[in-house]
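Below: the structure, in structure tokens.
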Ligand code: COA
């Protein structure tokens, strides 16, 4: 583990700079909290006026402390922070927990940067500024102004919001979700989410990393650290409405948004994304207590048909559609239910189920190799005692000897059920007050396993890439003072990376147009090439299905006339003569350079699917071929690619390769390409490939 971060988060001694003997002051509360939490390390209050605070000897300056100081909690006003930071550096403190507000969050980036520079010059790291502090049950450490340590458990929370951390601290008891650490990172001037993921992944007291994120500063490193982590990570992301990508010149840019891109990045990083605060607690509970679900077979045990059906509906909703249990499983389960029970799945033991049946069916099902995850449901009845049922389930789980598959529980009933569920949670079995939540929790564990598997697939590396050629085309456009490539140039760039573009030649005279059309082969498409006319169809500057020489000559004249009518001073490069790709399923592939994550690739079906329904999906580039297949499956209109109305399935393999190649290209050229799209891309039947019909590239500002 990083020794400096350990010094900051697991300090053996702490100085409180700005400690105060006045109750109600933050500098007072921190000393009191250290005392109340039972912290066993050295506590050194620093205050120029006091001799002693709450029984601890007080020093005028941290440099006067005659012992080693690992961490310093800073609670002096902002204007004094630089000065005390220097004192800490000279003292040899490892890390600073800067509670003080009044830096970048109010626009003072300069002082914050100076602070980090000063701390780094002494080898110190900074948590904050503008934080509540840090809490750890395993270290009996409450170095914060949050009221008490959270309910003890195995999750660790890292929060960008201090107030939310305090609220979750108190709520942990009501929600029965236990945390070991709660770390406030505020302005993230230095220590950020990526550092915390790397640190907590090594922390023996943390089994699940729970994050509240408002915004990330280093998207690619976050993805990298999250991918490397072996522990589950769950995130609640807020502030998804406004985003820089909104003001965009391309189609893709207008469809991109913080929510979609963050969502894609979390998926790629194998991070479970909570919908809201309740969901963050629910996911944290299951991810901190149970292993991931590595197969699709979910078995549900119940004493009530109603909750069984609710669980079945939820299973479909959360990506775990239920299947009938195999014959041998059904046969065994039938021994533990009356004639009128059902052993199929959900396994309905009926209202006659008592402790024994719960125990035997749980033990048998949990141990059976067909079962990848077990959900046990219970409706409170007059003949049963919820605590007895809870203990029977626990005994069944533990005596099965299985430790590598998950189990969740839901009891529906009154206070007795609630108490029994609390007991289950204390004993490591997540229990929820509604059957759909127990199934959703299982869905979280399955989704997490799938994401982790996918996040480990390697990015696609296309062969025969000529990036020098692509860069030469781009340099040519820049030399002409252009920020957008012409279609022909864009296709040359695409082709340099092996994208299957339609053959295109630039004719600068009618004779040349006739010659190229004959070379390419009829029918052809003809389009204006002009940096001043981006919407060619609107200008009447595109003619399709040109079948012979006579039509070429006519089209050449019409296109030039229409273009000049559309924009009299347009600069005309010439007319593109292009292979006419037969029509099939139309898709769009696009890219934007996201301010947080860098180049991102978008995919969707063309026409109304993208225009009206905005049915698109994103990934941060580069991507693997497996991810490219997943993208095709996750748009709402995915069924069209499977083949509809008598059409055969589309060539998804060729499309996946194009998507992955495109993602490689935008990543490789991220310093050059701001936005781009291949629109439309025509996808033919299986085995018949894909053609990029039109291409657009907008360059970065340099
Ligand atoms: N070294 C040590 N202590 C010093 C000092 C020095 N160089 N200079 C002053 N102090 C003492 C003060 O004398 C005072 O102690 P006292 O009560 O005995 O007089 C103590 O440090 C605090 O200074 P004070 O000026 O009283 O400040 P304050 O307590 O009113 O406020 C902060 C200080 C840091 C709490 C305040 O500036 C702040 O930032 N509040 C917001 C915190 C927050 O909300 N964080 C984010 C949560 S999400």
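Numbering (the working numbering), first residue to last: 116 to 817. Every residue gets a Cβ at the ideal spot worked out from N, C-alpha and C, and that includes glycine.
Checklist entry - Roughly how many angstroms lie between the CA atoms of residue 818 and residue 183, to the nearest whole one? => result Here the chain comprises residues numbered 116 to 817, so residue 818 is not present and cannot be evaluated.
Checklist entry - Rounded C-beta distance between residue 462 and residue 489? I'm assuming under 8 Å. => result Here the question's residue 462 lines up with position 347 in the chain shown. Here the question's residue 489 lines up with position 374 in the chain shown. Not a contact, Cβ separation roughly 10 Å.
Checklist entry - Which value, in whole angstroms, describes the spacing of the CA atoms of residue 457 and residue 428? => result Working through the chain shown from its first residue, we reach residue 457 at position 342. Working through the chain shown from its first residue, we reach residue 428 at position 313. Computed Cα separation, rounded: 17 Å.
Checklist entry - For residue 202, does the three-state DSSP call read helix, strand or coil? => result Counted from its first residue, the chain shown places residue 202 at position 87. Here residue 202 sits in helix by DSSP.
Checklist entry - Helix, strand or coil for residue 259 per DSSP? => result Taking the first residue of the chain shown as 1, we reach residue 259 at position 144. Three-state result, residue 259: strand.
Checklist entry - Taking C-beta to C-beta, are residue 252 and residue 264 nearer than 9 Å? => result Within the chain shown, numbered from 1, the residue matching residue 252 stands at position 137. Within the chain shown, numbered from 1, the residue matching residue 264 stands at position 149. It is a contact, given that the beta carbons lie within the stated cut-off.
Checklist entry - Using a threshold of 8 Å, is the CB atom of residue 68 nearer than that to any non-hydrogen atom of the ligand COA? => result A query on residue 68 cannot be resolved here, the shown segment of the chain reaching from 116 to 817 and no further.
Checklist entry - Does the ligand COA have even one heavy atom less than 8 Å from the beta-carbon of residue 140? => result Stepping through the chain shown from its first residue, residue 140 is reached at position 25. For the ligand COA, at least one heavy atom lies less than 8 Å from the Cβ of residue 140.
Next on the checklist: For residue 536, report the span of its alpha helix (DSSP H) as first-last.
Outcome noted: Locating residue 536 in the chain shown gives position 421, counting from the first residue. Unbroken alpha helix (DSSP H) run through residue 536: 530-541.
Next on the checklist: Along the chain, where does the beta strand (DSSP E) containing residue 295 start, and where does it finish?
Outcome noted: Position 180 of the chain shown, counted from the first residue, corresponds to residue 295. Residue 295 -> beta strand (DSSP E) spans 294-299.
Item to check | Other residues of its chain near residue 786: CB distance less than 8 Å, five sequence neighbours each side excluded | outcome: By one-based count along the chain shown, residue 786 stands at place 671. Closer than 8 Å at Cβ, skipping near neighbours: 815.
Checklist entry - Terminal residues of the continuous beta strand (DSSP E) containing residue 789? => result Numbered from 1 along the chain shown, position 674 holds the residue referred to as residue 789. That run of the beta strand (DSSP E) goes 788-798.
Checklist entry - For the alpha helix (DSSP H) that residue 473 lies in, which residues bound it at each end? => result On the chain shown, residue 473 is found 358 positions in, with the first residue counted as 1. Run containing residue 473: 470-482, per the alpha helix (DSSP H) assignment.
Item to check | Distance between residue 559 and residue 358 (C-alpha atoms, nearest Å) | outcome: Within the chain shown, the letter at position 243 stands for residue 358. Within the chain shown, the letter at position 444 stands for residue 559. Below a pLDDT of 50, predicted positions are generally treated as unreliable, and residue 358, at 44, falls in that range; no measurement from the model is reported.
Next on the checklist: When you measure from the CB of residue 249 to every non-hydrogen atom of the ligand COA, does any distance come out below 8 Å?
Outcome noted: Start at 1 with the first residue of the chain shown, and residue 249 comes out as number 134. No; taking the cut-off as 8 Å, the Cβ of residue 249 has no heavy atom of the ligand COA nearer than that.
Checklist entry - According to the Cβ coordinates, are residue 300 and residue 274 closer than 9 Å? => result The count along the chain shown starts at 1 and reaches residue 300 at position 185. The count along the chain shown starts at 1 and reaches residue 274 at position 159. Yes. Within cutoff.
Next on the checklist: Using 8 Å for Cβ pairs, my map puts residue 402 next to residue 387. What's the rounded Cβ distance?
Outcome noted: Residue numbering aside, residue 402 sits at position 287 when the chain shown is read from its first letter. Residue numbering aside, residue 387 sits at position 272 when the chain shown is read from its first letter. With a Cβ gap of about 7 Å, residue 402 and residue 387 count as contacting.
Next on the checklist: Please report the straight-line C-alpha distance between residue 696 and residue 808, rounded to a whole angstrom.
Outcome noted: Residue numbering aside, residue 696 sits at position 581 when the chain shown is read from its first letter. Residue numbering aside, residue 808 sits at position 693 when the chain shown is read from its first letter. Their Cα atoms are separated by approximately 7 Å.
Checklist entry - Would the C-beta of residue 429 count as close to the ligand COA, meaning under 8 Å from any of its heavy atoms? => result Within the chain shown, the letter at position 314 stands for residue 429. No, the Cβ of residue 429 stays beyond 8 Å of every heavy atom of the ligand COA.
Item to check | Inter-residue spacing [alpha-carbon to alpha-carbon] between residue 316 and residue 344 | outcome: Looking up residue 316 in the chain shown gives position 201. Looking up residue 344 in the chain shown gives position 229. C-alpha separation (whole angstroms): 6 Å.
Checklist entry - In three-state DSSP terms, what is residue 275? => result As a working mapping, residue 275 is identified with position 160 in the chain shown. DSSP places residue 275 in coil when its eight states are reduced to three.
Checklist entry - Quick one: what's got a C-beta closer than 8 Å to residue 366's C-beta in the same chain, skipping five residues either side? => result For the purposes of this step, residue 366 is identified with residue 251 of the chain shown, where counting begins at 1. For residue 366, the pLDDT reaches just 48, beneath the cut-off of 50, and the residue's location in the model is therefore unreliable, leaving the point undetermined.
Checklist entry - Should residue 305 be listed as close to the ligand COA, given that the test is whether its C-beta is under 8 Å from any heavy atom? => result To locate residue 305, count along the chain shown from 1; it is residue 190. No.
Next on the checklist: Does residue 574 come out as helix, strand or coil in the three-state DSSP assignment?
Outcome noted: The residue given as residue 574 occupies position 459 in the chain shown. Here residue 574 sits in coil by DSSP.
Item to check | Anticipated Cβ contact below 8 Å, residue 257 with residue 151, distance rounded | outcome: To locate residue 257, count along the chain shown from 1; it is residue 142. To locate residue 151, count along the chain shown from 1; it is residue 36. Sure, about 7 Å apart at Cβ, within 8 Å.
Item to check | Contained alpha helix (DSSP H) runs [length at least 4] in the stretch 610-656, N- to C-terminal order | outcome: 625-635
Next on the checklist: Considering just the uninterrupted stretch of the alpha helix (DSSP H) at residue 595, what are its terminal residues?
Outcome noted: Taking the first residue of the chain shown as 1, we reach residue 595 at position 480. It is not in any alpha helix (DSSP H) - residue 595 carries neither H nor E in the DSSP assignment.
Item to check | contact_flag[the stretch 277-293, the stretch 163-182] where n(CB pairs < 8 Å) is 3 or more | outcome: no
Next on the checklist: Please report the distance separating the alpha-carbon of residue 784 from that of residue 588.
Outcome noted: As a first step, residue 784 is located in the chain shown; it is residue number 669 there, counting from the start. As a first step, residue 588 is located in the chain shown; it is residue number 473 there, counting from the start. Rounded to the nearest angstrom, the two C-alpha atoms are 12 Å apart.
Checklist entry - To the nearest angstrom, how far is it from the Cα of residue 754 to the Cα of residue 430? => result The residue labelled residue 754 in the question sits at position 639 within the chain shown. The residue labelled residue 430 in the question sits at position 315 within the chain shown. Spanning the two alpha carbons is a distance of roughly 21 Å.
Checklist entry - Are the stretch 629-646 and the stretch 604-621 touching, with three or more C-beta to C-beta distances below 8 Å? => result yes
Checklist entry - residue 418 by DSSP, collapsed to three states: which one? => result Against the chain shown, residue 418 aligns to sequence position 303. Three-state result, residue 418: coil.
Item to check | Coil, strand or helix - residue 387 by DSSP | outcome: For this step, residue 387 is matched to residue 272 along the chain shown. Residue state, collapsed to three classes: strand.
Item to check | DSSP state of residue 453 mapped onto helix, strand, coil | outcome: Position 338 of the chain shown, counted from the start, is the residue given in the question as residue 453. Note: residue 453 maps to coil in three-state DSSP.
Item to check | Extent of the continuous alpha helix (DSSP H) to which residue 316 belongs | outcome: The count along the chain shown starts at 1 and reaches residue 316 at position 201. From DSSP, the alpha helix (DSSP H) with residue 316 extends over 308-317.
Checklist entry - Who are the Cβ neighbours of residue 133 in its own chain at under 6 Å, not counting the five residues just before and after it? => result Taking the first residue of the chain shown as position 1, residue 133 is located at position 18. Cβ neighbours of residue 133 beyond the five flanking positions: 142, 190 and 191.
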